[in-house]
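Engineer: The following block contains the structure, expressed as structure tokens.
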């Protein structure tokens, strides 16, 4: 069974469109609704909104609508991720 170039291109376009709509509509909406179930400004709400924005910002350059206030003014910003245990790179002050 030979695949023609047209079928390969069509399959690629369809896969991209599915990924685009999943990342900009369905997945962020799921995490946004999950986050709304928590107390305003809580760490759990921030985590769910952060996940919504992780997918949404794959294709957009703004926060998912409704999450802007918490994402910009969060006390949890920066405290979620652990410090790197890798040695510093050349040029870094701790090198």
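Numbering (the numbering used here), first residue to last: 38 to 132. Ideal Cβ placement from N, Cα and C applies to all residues, glycine included. Treat the numbers as computed from the prediction; the structure is a model and nothing was measured.
Is residue 57 buried or exposed, if buried means 16 or more other CB atoms sit within 10 Å of its CB?
Structural biologist: Looking at its Cβ environment, which holds fewer than 16 other Cβ atoms inside 10 Å, residue 57 is exposed.
Engineer: Would you call residue 53 buried or exposed, if buried means 16 or more other Cβ atoms sit within 10 Å of its Cβ?
Structural biologist: Label assigned to residue 53: exposed.
Engineer: Which same chain residues end up closer than 7 Å to residue 96 when comparing Cβ atoms and leaving out the 5 residues on each side of it in sequence?
Structural biologist: Excluding sequence neighbours, residue 96 sits near 57, 60, 61.
Engineer: Please report the straight-line C-alpha distance between residue 67 and residue 124, rounded to a whole angstrom.
Structural biologist: Going from the Cα of residue 67 to the Cα of residue 124 covers about 38 Å.
Engineer: Sort 51, 65, 42 by Cα distance to residue 91 and report the nearest one.
Structural biologist: Selected option, being the one with the closest Cα: 65.
Engineer: Secondary structure at residue 108, three-state DSSP: helix, strand or coil?
Structural biologist: Residue 108: helix per DSSP, three-state reduction.
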